[in-house]
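One structure is given below, encoded as structure tokens.
In the numbering used here, the protein residues as written are 700 to 1438.
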């Protein structure tokens, strides 16, 4: 059995490796380009991350500023409470117009002492009821202390009650607005933190950037609002926490309750001082006045408790939003109007009406101020928001243009990769090529039967090389040539001797000369001369025996040389090796002749000749022009030598077409269109019981061909032609090889 052709396998493998190396280099260059693009995108993403980090740091720094401001407010609140408590403690009641006044005089001690005594009286009254000792002590205390207050002076002071009420209203409104703003800011910051942990793509980075910008705008607006509100308060650079604000509100309510109870007690003192009633009237009056005071105190305590329960719902806002001078003037005017309407007497009801009217006026003024501030903040926020939107849209347009460039680059790269991959062999082609190769077991068995490289090298080392063989062959050829020349010289010498012998005097002439000269001395002298000359010439010439011996010696020497050459040749180059070399040369010559005994012609125009025959317009290859005859635009190929020929025919078309291979004008093989109207099917090779080969249309045009691949036995001087039957133009080729 003939072994596999490993030389072809090696060539295929080497060519495949070469192609793969080129493809790998191209793919590597493409991958390098992709890596560069990815690096650029990564740098862009890092820049975006850096920008996000900067925005985050800015947001955190603003949050730190807010916390610092809150700490400052907390530090200043105790001092504010102390100041307010001192101002409340300094309130006293004087004569004249009976207006309330804030003075730092010695009367404040009396007020404090009286307030403490009244509180003690209230506690004892609640505990002991209508004790006569308590009433007696109250009467004595009133008789002792009231004249001092009736003769005290007053001078245009102000009470903190109206200020506290107004601050409560402003505080509630501002706390509500600040609560909404703080909750919005906290929600935006939480959403920003979540988005910063989940952002991964360019779209998410854009969304995150928009959210960061919105959060910064909100923080900035909140900061401006806080600064604006701080400018109208007593501490423009401080903010208060929820707990501190609630604490201050509680202090305000306690102070208001204390002032209210104090006002009631003052009115009682005035009435007692004016009317000078007896003990029973004083007792009745005191009890009638203490009951509403106790109820008022209890209600105020309940309100304080409710306010404390709502501490967590009140956001921070700066206190002191009302101008102190304006507040004092308003309170004094309201008190004066109440005194003038009531004849110089101030009761709890009158103060309540005055405070309510004053509170409504202040609330209206506060509403106007808050509306103007809110409109100003809204205008500033709208302008900054518009500028931010414009810058954001510009950034988005730049990023979109960059994304479009990246997408176009990726599409071009994908197209290049697809083109490179389309040039590669498909898996089916590789499998089909490998299926025709020798099996691994067969190859290993064949290689096992072959000589080892070491054995071959050792055998070749003991053999003569090609140069020595060529030298021996040249030496033998030269010796044979010399022998042939020597034979020719001997033959010529022999012929020359024969001619010379023929040129000598023969016996008849000598006899005639002897008869002619028998009678005289001339003949004897002539004969003697001839004999002498003949003997001299014969002595110079070799005789037959010498010639034979000389030829034999030369032939023996020549035979010895031939034997030596033959022996040396047999030793240097064995007969089997020479026979193998000759056989290999004959095989190579045969293969070369078979490989170069083919020809190929093309049909490009798409036109056909008379009878539908295809004109072969271009000759691509012809290794045997003397046996494969062709003329330009001729519709047949002439094969002069008879025998087996391998004919390959291909027509590139996607339309139904009939193709016939003709020999001497007669069709021998035909491809007919299918019944469904599809392209022609190669009935001899392309169909089977299990599979059907179909050719699909391609966007590049007609890239597949209808094929005829057959072996035909042609007669001498056969005309090979192709008949094409279709309504559309096509192109094709024909290849003929002598087997």
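Just so it is clear, CB atoms sit at the ideal spot from N, CA and C, and this is done for glycine as well.
Spatial neighbours of residue 1332 within its chain, please: C-beta separation below 6 Å, excluding the five flanking residues on both sides.
Cβ within range, chain order: 1314, 1316.
Spatial neighbours of residue 1337 within its chain, please: C-beta separation below 7 Å, excluding the five flanking residues on both sides.
Within the same chain, residue 1337 has close Cβ partners 1328, 1416, 1418.
What do you reckon, are the CB atoms on residue 1344 and residue 1438 nearer than 8 Å?
The answer is yes: Cβ separation under 8 Å.
Hey, how far is the Cα of residue 1355 from the Cα of residue 1426?
Between residue 1355 and residue 1426, the C-alpha separation is close to 9 Å.
Starting from residue 1329, trace the beta strand (DSSP E) both ways and give me its first and last residue.
Careful: residue 1329 lies outside any beta strand (DSSP E) and carries neither H nor E.
Going by CA-CA distance only, name the one from 1420, 1402, 1435 that's closest to residue 1429.
Ranking 1420, 1402, 1435 by Cα distance to residue 1429 puts 1402 first.
When the Cα atoms are used, what is the spatial distance from residue 1085 to residue 1112?
Cα-Cα distance, rounded: 40 Å.
With respect to the beta strand (DSSP E) encompassing residue 1434, which residues constitute its N-terminal and C-terminal limits?
Here the beta strand (DSSP E) through residue 1434 covers 1430 to 1437.
Using beta-carbon positions only, say whether residue 1284 and residue 1342 come within less than 8 Å of one another.
No; because the gap between Cβ atoms is not below 8 Å, this pair is not in contact.
Does the beta-carbon of residue 1077 have 16 or more other beta-carbons within 10 angstroms, so that it is buried, or is it exposed?
So residue 1077 ends up on the exposed side.
Spatial neighbours of residue 1347 within its chain, please: C-beta separation below 6 Å, excluding the five flanking residues on both sides.
The residues are 1408, 1434.
Inspect the beta-carbon positions of residue 1312 and residue 1421 and report whether they are closer than 8 Å.
Contact: yes.
With 8 Å as the threshold, decide whether the Cβ of residue 1171 is near any Cβ in chain C.
Protein chain content of the structure displayed is limited to a single chain, and chain C is not contained in it.
Of the choices 753, 1424, 1326, whose alpha-carbon is the least far from that of residue 1352?
Closest option to residue 1352, Cα to Cα, is 1424.
Between which two residues does the beta strand (DSSP E) holding residue 1351 run?
Residue 1351 -> beta strand (DSSP E) spans 1342 to 1351.
Identify, in the order they occur along the chain, each residue of the same chain with its Cβ nearer than 7 Å to the Cβ of residue 1174, setting aside the five sequence neighbours on each side.
Cβ within range, chain order: 1264.
Between residue 1404 and residue 1349, which are expected to be in contact by the criterion C-beta below 8 Å, what is the C-beta distance as a whole number of angstroms?
Their Cβ separation, rounded to whole angstroms, is 4 Å, which keeps residue 1404 and residue 1349 in contact under 8 Å.
Quick one: is residue 1282 buried, meaning 16 or more other Cβ sit within 10 Å of its Cβ, or exposed?
Exposed is the call here.
Do residue 1318 and residue 1300 have their C-beta atoms within less than 8 Å of each other?
Closer than 8 Å, so yes.
Whole angstroms are fine: how far does the CA of residue 1432 sit from the CA of residue 1499?
One cannot answer for residue 1499 here, as it falls past the ends of the chain, which runs 700 to 1438.
Who are the near neighbours of residue 1257 in its chain, counting only those whose CB is closer than 6 Å to its CB and skipping five residues on each side?
The answer, listed in chain order, is 1182.
Decide if residue 1370 is buried, meaning its Cβ has at least 16 other Cβ atoms within 10 Å, or exposed.
Residue 1370 is buried by the Cβ-count criterion.
Quick check: the Cα distance between residue 736 and residue 1071, rounded to an integer number of angstroms?
Approximately 54 Å between the Cα atoms of the pair.
Please confirm whether residue 1436 and residue 1297 have their CB atoms less than 8 Å apart.
Taking 8 Å as the Cβ cut-off, residue 1436 and residue 1297 qualify as a contacting pair.
Determine the closest residue to residue 1452 out of 1339, 1334, 1103, 739, with distance taken between C-alpha atoms.
This structure cannot speak to residue 1452, because the chain is shown only from 700 to 1438.
Can you give me the start and stop residues for the beta strand (DSSP E) that residue 1405 sits inside?
Note, residue 1405: beta strand (DSSP E), 1404 to 1413.
Could you check which residue in 1267, 1189, 1199 has the C-alpha nearest to that of residue 1250?
Checked all of 1267, 1189, 1199; the closest Cα to residue 1250 is 1189.
Which two residues bound the contiguous beta strand (DSSP E) that contains residue 1337?
Run containing residue 1337: 1336 to 1338, per the beta strand (DSSP E) assignment.
Tell me whether residue 1297 sits in a helix, a strand or coil according to DSSP, three-state version.
Strand at residue 1297.
For residue 740 and residue 1116, which I take to be in contact (beta-carbon distance under 8 Å), what is that distance rounded to the nearest angstrom?
Not confirmed; about 18 Å, so no contact.
Which same chain residues, not among the five before or five after residue 1259, have their C-beta less than 7 Å away from its C-beta?
Cβ neighbours of residue 1259 beyond the five flanking positions: none.
Using DSSP with H/G/I as helix, E/B as strand and the rest coil, what is residue 1419?
Of the three classes helix, strand and coil, the one that applies to residue 1419 here is strand, per DSSP.
Nearest CA to the CA of residue 1197: which residue from 1243, 1179, 1170, 1238?
The shortest Cα separation from residue 1197 among 1243, 1179, 1170, 1238 belongs to 1243.
Can you list, in chain order, the residues of its chain with a C-beta nearer than 8 Å to that of residue 1320? Leave out the 5 residues immediately preceding and following it.
1297, 1298, 1299, listed in sequence order.
Which class does residue 1266 belong to by DSSP, given the choice of helix, strand or coil?
In the structure shown, residue 1266 sits in a helix (DSSP, three-state: H, G or I).
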